[in-house]
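Working notes, beginning with the structure itself.
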Amino acid sequence: MIFGLALLFQLVFIFVLSLALAIIGSLIVFFIKSKRKGRLYLFAFHAPFFACFTFYFFSLVAALYIGEHYDVDSGIGDVWYVPLAKDSRLLSIDLPGIASIERGGKVIVDDVVLLCQKDSLVFGKTDGNAYFILKGDSLVYPQGEAALLSYNEGKPINWSPIEPFYQERRSAIAGRAETVALLLCVLISAGVVWVLKLIILRKGRAATT
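Under the numbering used here, residues 68 to 276 are what the sequence shown spells out, in order.
Laid out in structure tokens, this is it:
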């Protein structure tokens, strides 16, 4: 339900953005002196819709594919998650400052507010000031900070709040794929606009010759 509402909101936003750009483009054409002004109006009005909606739909497909392939959220809706150690992952629903850790569809730690991942170890702290360590299939609850630091060679733990940890972890896992997908979506959108230009303006040029 929330996913569908998010899609609807995004589609409305893309339509409004396209319409605004189309109006701006048409106003620019108004001040251009050309025998093909009608064709220019046609191109200026339609190009933003083709560009924006092409970019949006290809971005949506890319986001869903990347999410499925890398086990990260698609960025749509209020649910976000990233893999952690082994088969576990960090999950948050509508509360960016608090998350849970789940494994096999079951929550094993709730109300997580701080995290630090070091190699195969995941150090965490809950909203109730309880510490935990996730290593592979095992989950340990050290009694106090001193016991926690013993797992880190006695060194202080570089804690990160949930949201920055999520962003950094997601970037490390899927950042490169998302960058490549973004560039491809831009190129595809530009290609669609270029083809539209050939269809509209070349026809107009042929008609005036």
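C-beta: ideal position from N, C-alpha, C; glycine also.
Proximity of residue i and residue j at Cβ, strictly below 8 Å
i    : j    : result
F190 : L215 : yes
C252 : F82  : no
K173 : L181 : no
S159 : I165 : yes
S93  : A111 : yes
A239 : I133 : no
R103 : L250 : no
D145 : G171 : no
V260 : A87  : no
Residue burial classification, residue i (beta-carbon count within 10 angstroms, cutoff 16)
i    : result
L254 : exposed
Q210 : exposed
V262 : exposed
P223 : exposed
L107 : buried
T276 : In this prediction, T276 has a pLDDT of 44, which is less than 50 and means its spatial position is unreliable; what the coordinates show is noted afterwards. When all chains shown are included, T276 counts as exposed.
L109 : buried
S256 : buried
F98  : exposed
A241 : buried
Of the listed residues the options, nearest to residue i (C-alpha basis)
i    : options                   : result
D277 : Y148, R170 and G134       : No statement about residue 277 is possible, as the shown extent of the chain runs from 68 to 276 and does not include it.
R156 : G144, L88 and V176        : V176
Y218 : F232, L201 and P231       : L201
S85  : L250, Y108, D194 and F116 : F116
D186 : I90, A129 and G203        : G203
P228 : D178, D154, L206 and V146 : D178
A73  : V260, I143 and L188       : I143
T246 : Y233, S126, S101 and V96  : S126
Residue span of the beta strand (DSSP E) that contains residue i, given as start and end
i    : result
L157 : S155 to I160
A166 : A166 to R170
G191 : L188 to T193
S205 : S205 to V207
Residue i Cβ short of 7 Å to the ligand FAD heavy atom set
i    : result
G171 : This structure does not include the ligand FAD; it has no bound ligands of any sort.
Chain B contact for residue i (CB, 8 Å cutoff)
i    : result
L157 : Looking at the structure shown, chain B is missing, and only one protein chain is on hand.
Own chain, CB closer than 6 Å to residue i, minus 5 neighbours either side, in chain order
i    : result
A89  : F112 and P115
A129 : A248
Y198 : K192, P209 and L215
Contacting residues, own chain, Cβ-Cβ under 7 Å from residue i (five flanking each side not counted)
i    : result
R237 : V139 and V149
N-terminal and C-terminal residue of the alpha helix (DSSP H) that residue i is part of
i    : result
G99  : In the sequence as displayed, the identity of residue 99 is Ile instead of Gly. Element bounds for I99: n/a, residue is neither H nor E.
V216 : The sequence given here places Leu at residue 216; Val does not occur at that position. Run containing L216: E212 to L216, per the alpha helix (DSSP H) assignment.
Cut-off 8 Å between Cβ atoms - residues of its own chain near residue i, not counting five sequence neighbours on either side
i    : result
E235 : S227
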